[in-house]
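Visitor:
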Amino acid sequence: MNAEPAAVSPLTVALRRPPGALVVRPEGELDHDSVGPLRDALEQAVASPPGRLVVDCGGLEFCDSTGLNLLLRAHAAADRAGVPLLLAAPGAVVARMLEITGANEVLVVRPSVDEALAAPPDGRDGAVAAPLGGASAADSGDEPGESDEPGEGAGKPDGSAGGP
Numbered sequence: 002m003n004a005e006p007a008a009v010s011p012l013t014v015a016l017r018r019p020p021g022a023l024v025v026r027p028e029g030e031l032d033h034d035s036v037g038p039l040r041d042a043l044e045q046a047v048a049s050p051p052g053r054l055v056v057d058c059g060g061l062e063f064c065d066s067t068g069l070n071l072l073l074r075a076h077a078a079a080d081r082a083g084v085p086l087l088l089a090a091p092g093a094v095v096a097r098m099l100e101i102t103g104a105n106e107v108l109v110v111r112p113s114v115d116e117a118l119a120a121p122p123d124g125r126d127g128a129v130a131a132p133l134g135g136a137s138a139a140d141s142g143d144e145p146g147e148s149d150e151p152g153e154g155a156g157k158p159d160g161s162a163g164g165p
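As structure tokens, this is what we get:
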């Protein structure tokens, strides 16, 4: 039997240090075989915390459950260290994975690195995902018939609109 080792897509990690932040940019495929460099970079970042930690996902071509687990664990570690961790610029594949798994309800996701760097100090401002179990940014009234005004929209827990 002639089994060749599986080709490993190298994952490279670049660091950038704008004032008060650290931007970590992984490029390539983030999976079980390639997670090491990003894990090391995030662990080092949390060990000597910057003002905020931004993971620029724009260079990720793929992210499996190992990569997602790393991002969630890094988010928890950064939170314990008092450092906001934000994901920025996820491509369609990564954004879909975050949506399908519900991770976009836990992780703060911004459309660009610049927006992540300009976000409020805690990284959250109403335009980003709510904590687990909360409403996501996608549930912010974009659907017909929904409203952010008290007394309008979904209404009672049974889904009825209620009324006077």
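Each residue of the sequence shown is one higher than the one before, counting from 2 in my numbering. We put the CB at the ideal spot given by N, CA and C, even for glycine. Model, not experiment: these values are computed from the prediction.
Pull up the distance between the alpha-carbon of SER66 and that of ARG81, whole angstroms please.
Guide: Reading the sequence shown from its first residue, position 65 is the one you call residue 66. Reading the sequence shown from its first residue, position 80 is the one you call residue 81. Distance between the alpha carbons of SER66 and ARG81 is about 22 Å.
Visitor: Is it the case that the Cβ atoms of VAL14 and GLU28 are separated by a distance below 9 Å?
Guide: Here residue 14 is taken as the residue at index 13 of the sequence shown, counted from 1. Here residue 28 is taken as the residue at index 27 of the sequence shown, counted from 1. A contact, by the Cβ cut-off of 9 Å.
Visitor: Quick check on DSSP: helix, strand or coil for ASP65?
Guide: Counting from 1 along the sequence shown, the entry for residue 65 is found at position 64. Coil, per DSSP.
Visitor: Assuming PRO91 and VAL110 make a contact with CB atoms under 8 Å, what is their CB distance in whole Å?
Guide: For the purposes of this step, residue 91 is taken as residue 90 along the sequence shown, with counting starting at 1. For the purposes of this step, residue 110 is taken as residue 109 along the sequence shown, with counting starting at 1. Yes, PRO91 and VAL110 are in contact; Cβ-Cβ is about 6 Å, under 8 Å.
Visitor: With ARG17 as the anchor, note down where its beta strand (DSSP E) starts and where it stops.
Guide: Here residue 17 refers to the residue found at position 16 of the sequence shown. Element bounds for ARG17: 13-17.
Visitor: Among PRO11, ALA22, LEU61 and ALA42, whose alpha-carbon lies nearest the alpha-carbon of GLU116?
Guide: Taking the sequence shown and counting its residues from 1, the one referred to as residue 116 is at position 115. Answer by Cα proximity: ALA22.
Visitor: Which residues in the same chain have their Cβ closer than 7 Å to the Cβ of ALA42, if we skip the five residues on either side of it in sequence?
Guide: As a working note, residue 42 is residue 41 in the sequence shown. Closer than 7 Å at Cβ, skipping near neighbours: VAL14, LEU16 and VAL25.
Visitor: Please report the distance separating the alpha-carbon of GLY120 from that of PRO11.
Guide: Within the sequence shown, numbered from 1, the residue matching residue 120 stands at position 119. Within the sequence shown, numbered from 1, the residue matching residue 11 stands at position 10. Gly is not the amino acid found at residue 120; the sequence shown has Ala there. Each residue's alpha carbon lies about 31 Å from the other.
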